[in-house]
Amino acid sequence: MNKVITFSLFFFLLSSLSFSSELQKFKVKSLNQPVSTGSDRWNTDYLISSSEPLGKHSGVYRISDSTIYVSVPDTNIVTGAAIVIFTSTDNGENWIILSTLTPASVIPKTKMIRSSLDSVYCFFLSGVTIYCWNVINNRVTQVRGVGFRDFDVGASSTGSMYIFMDSLGTNNLVRYGSSDGGVIWGQRGLITTAGAHPRIYFSGSGDTLVLNYYGPVLADTMTSVIRNARYRETAPGTLATAGSFTNIVASNEKKEQFSSVAYGRFVYFFYTSESAGNTDIKCKVSTNYTVSFFDSLSIAPVSGRNEFWFDAKHHANGIGGVDMLFISYIPPESSGDGLKRIWYISGNNVAPNSYSFLNPVMISSSEALTSSNGYIPALIPYYNGSGDLGAAWVANIAKSIGLYFDRLKNYSVLNLTVSFEACVPPADSITVLLRSISSPYGIVDSSRAVTNSSGNASVNFTNPLDGINYYLVVKHRNSIETWSKDGGEAFSSGSLTYDFTTAASQAYGDNMILANGEYSFFTGDPTQDGIVDGNDGAMIDNDASNFNTGYLVTDLNCDSIVDGTDAAYADNNAANFVSKISP
């Protein structure tokens, strides 16, 4: 018999909500056949729920159990339920129902957050009341009083949570903090008496919060000025303003959506700008913690195309940056097919005072849906060191309307071909470093791989950025460390192919030898000090005199025996003063 845990709440003494978590979990099947996406860096579109949400869904990735959590406000998934929490432990291929909120009612907005203490919370707005639901232990608390129309919430590096709320009818914006997981919310902080729709973002370090809101509020709220402010956490549950409140967008065009993303010194402020029937996503960037911003630039601007409904989060790849999902639409009168589609774009902090955006990619060729329900696509970063992230959006795929999930394969693949002077066939373990092309040529990433009998290997990396040149540095147990040619090589859409064997010029300084019909890495450096000399010869002679066998660094020709043949290779290259050549 299933055990059901139930919680009850009351809204204005008119209706109640209860939360149930069934130990017997339901299975939600994916499509019978996976659906191809529009980009090879994104994988397969998997079905979360075969129903159209009634409000804003949200999601997070929990590192400790490698689980994706998605909150879906929808009364059509489970009879009597208003919100359903789905989870996946296989990167979105299969989903199960973890828990539900009952009775059935329309929830216009949910927001899930994961604290630094690894708890997962679902905040939601029901009527004019905001609630905090700890999804891990099923504790539910009401956030202060009633009478709110909107909110935003985030978690700091101390595990504290901060909620900013929009008071219905008064235009008061207020904030509260909690250091105990939402059980107790601290003293009320008044932000302004003339604001609406607060949006907050905690920096990657988790100690700085950026706030944006409309204010003062005009009759058409979306034409109001957008304000900007910054807070610092001074103690768990306590924020203090840092700097002054400023107008970040003062123009009177319609600005339906806006939010900031912060990482390090960089703050990216995004907003939609509607003019003459066309909608674009614009961005202002600060490289000094919001003290000043560069002028607006358009994200993925194409004449006749509308970009809107975005979600953006920071990433820690390289020196950090921003990832964004958005919906794009080309109407039939502009030679479009009349279908909306979901796109992805990434921006990178290139240097302390500069940044760049890569070309956007369409992650699915299927139709993305929009409606007054406000189910804006949700970006779900993993923040697990791999740089992976997920996307949850509503789509019509193969005539099946529902909430879908796709995962960005956020590792880059180097398709490498090498050859070794003495080791034939060249099937062995190698280490590949990616180094900056600028002095002091710092290591950006490293990875190990095994070449096949043709010298080919697929080498995976997590840190490289598309469009940035790197030196490829290959290290082998007894070969001279070899660098790729001058100028470096760049990944494109997460892929790079490089063949050292086609010409000596493929190596920096032409530092290879033609052996067995291919340009190959010089052998004879078992000490791995970058030069073939007497130290290497002595090491080989010692193992040969002891009749050592097996997988040894002194076995230059890879026949599992250390003997005079190996010594001859080393002696010859030492006599020719073979050594590493690098910038």
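For the sequence shown, position 302 (counting from the first letter as 1) is numbered 800 according to my numbering, and the numbering increases by one without interruption.
Cβ atoms here follow ideal geometry from the backbone N, Cα and C, with glycine treated the same way.
Small disclaimer: the values here were computed from a predicted structure and weren't measured.
My assumption, with CB atoms under 8 Å, is that residue i sits in contact with residue j. Please give the rounded CB distance.
i: Ser991; j: Asp964; result: 7 Å
i: Val633; j: Tyr567; result: 6 Å
i: Thr949; j: Ile928; result: 6 Å
i: Phe806; j: Thr777; result: 5 Å
Go to residue i, then tell me how far its beta strand (DSSP E) extends in each direction, as first and last residue.
i: Ala798; result: Note, Ala798: premise wrong, no beta strand (DSSP E); not H, not E.
i: Gly625; result: No beta strand (DSSP E) holds Gly625; DSSP gives it neither H nor E.
i: Trp891; result: 887 to 895
i: Ala955; result: 954 to 959
i: Ile698; result: 694 to 700
i: Val1051; result: Where Val1051 is concerned, there is no enclosing beta strand (DSSP E), given that its DSSP letter is neither H nor E.
i: Phe1020; result: Per DSSP, Phe1020 belongs to no beta strand (DSSP E) and is neither H nor E.
i: Tyr766; result: 764 to 773
i: Leu823; result: 819 to 827
i: Gly675; result: 671 to 676
i: Thr785; result: Taken as a continuous stretch (DSSP letters only), Thr785 belongs to no beta strand (DSSP E), as it is neither H nor E.
i: Asn750; result: It is not in any beta strand (DSSP E) - Asn750 carries neither H nor E in the DSSP assignment.
Which residue marks the beginning of the alpha helix (DSSP H) containing residue i, and which one marks its end?
i: Ile583; result: Run containing Ile583: none in the alpha helix (DSSP H); it sits in the beta strand (DSSP E), 581 to 586.
i: Ile1038; result: 1032 to 1043
i: Asp1064; result: 1062 to 1073
Run the CB neighbour count on residue i, radius 10 Å, all protein chains shown included, and call it buried at 16 or more, exposed below.
i: Ser534; result: Reliability fails at Ser534, whose pLDDT of 36 lies under 50, so the model's placement of it is uncertain and the value that follows must be treated cautiously. Classification of Ser534: exposed, given that the 10 Å Cβ count is below 16.
i: Gly671; result: Before going further, note that residue 671 is Leu rather than Gly in the sequence given. When all chains shown are included, Leu671 counts as buried.
i: Phe989; result: buried
i: Val972; result: buried
i: Ser624; result: buried
i: Pro714; result: exposed
i: Ala1068; result: buried
i: Leu795; result: exposed
i: Ser614; result: exposed
i: Glu754; result: exposed
i: Ala748; result: exposed
i: Met499; result: For Met499, the pLDDT reaches just 28, beneath the cut-off of 50, and the residue's location in the model is therefore unreliable, although a value from the coordinates is still provided. So Met499 counts as exposed.
i: Asn750; result: exposed
i: Asn1074; result: exposed
i: Ser586; result: buried
i: Ala810; result: buried
i: Asp1064; result: buried
i: Leu511; result: Note that Leu511 has pLDDT 28, beneath the 50 cutoff, so the model's placement of it is unreliable and the number below is only indicative. Under this definition Leu511 is an exposed residue.
i: Ser917; result: buried
i: Asn1044; result: exposed
i: Leu521; result: With a pLDDT of 30 at Leu521, under the threshold of 50, the predicted position of this residue should be treated as unreliable, though the coordinate-derived value follows. Exposed.
i: Lys1078; result: buried
i: Thr999; result: buried
i: Lys782; result: buried
In three-state DSSP terms, what is residue i?
i: Met720; result: helix
i: Thr868; result: coil
i: Ala844; result: Residue identity check: residue 844 is Ser in the sequence provided, not Ala. Three-state result, Ser844: strand.
i: Arg637; result: strand
i: Met860; result: strand
i: Ala876; result: strand
i: Gly1007; result: helix
i: Phe743; result: coil
i: Ala1002; result: helix
i: Gln531; result: In this prediction, Gln531 scores a pLDDT of 32, lower than 50, which makes its location untrustworthy; the coordinate-derived value is nonetheless stated afterwards. Here Gln531 sits in coil by DSSP.
i: Cys921; result: coil
i: Thr949; result: coil
i: Gln522; result: For Gln522, the predicted structure reports a pLDDT of 29, less than 50, and the residue's modelled location is therefore unreliable. A value from the coordinates is still provided. Correct three-state label for Gln522: coil.
i: Arg647; result: strand
i: Asn726; result: strand
i: Asn710; result: strand
i: Ile561; result: coil
i: Cys1056; result: coil
i: Trp540; result: strand
i: Asn589; result: coil
i: Ile1029; result: strand
i: Asp664; result: strand
i: Leu507; result: In this predicted model, Leu507 has a pLDDT of only 40, less than 50, meaning its place in the structure is not dependable enough to derive any value.
i: Pro1081; result: coil
Should residue i be counted as a contact of the ligand ZN given a C-beta to heavy atom distance under 7 Å?
i: Glu805; result: This structure lacks the ligand ZN, and indeed carries no ligand of any kind.
Could you check whether the Cβ of residue i sits closer than 8 Å to any Cβ belonging to chain D?
i: Thr929; result: The structure shown has no chain D; it contains just one protein chain.
Open item on the list: Under 8 Å, with one C-beta from each stretch per pair, do the stretch 875 to 887 and the stretch 845 to 863 reach the 3-pair mark?
Closed with: no
Task: contact_flag[the stretch 568 to 587, the stretch 542 to 555] where n(CB pairs < 8 Å) is 3 or more - done: yes
Task: Stretch-stretch touch, CB-based, cutoff 8 Å, three pairs: the stretch 1031 to 1038 with the stretch 890 to 905 - done: no
Open item on the list: Check whether the stretch 667 to 686 and the stretch 739 to 750 touch, using three or more Cβ-Cβ pairs below 8 Å as the test.
Closed with: no
- [ ] Count the C-beta pairs between the stretch 978 to 985 and the stretch 1013 to 1027 that are closer than 8 Å, then say yes if the count reaches three, no if not.
- [x] yes
Open item on the list: Between the stretch 820 to 829 and the stretch 837 to 845, can you find at least three pairs of beta-carbon atoms closer than 8 Å?
Closed with: yes
TODO: Count the C-beta pairs between the stretch 653 to 661 and the stretch 728 to 742 that are closer than 8 Å, then say yes if the count reaches three, no if not.
DONE: yes
Open item on the list: Contact between the stretch 717 to 732 and the stretch 638 to 653 is defined here as three or more beta-carbon pairs at a separation below 8 Å; is this criterion met?
Closed with: no
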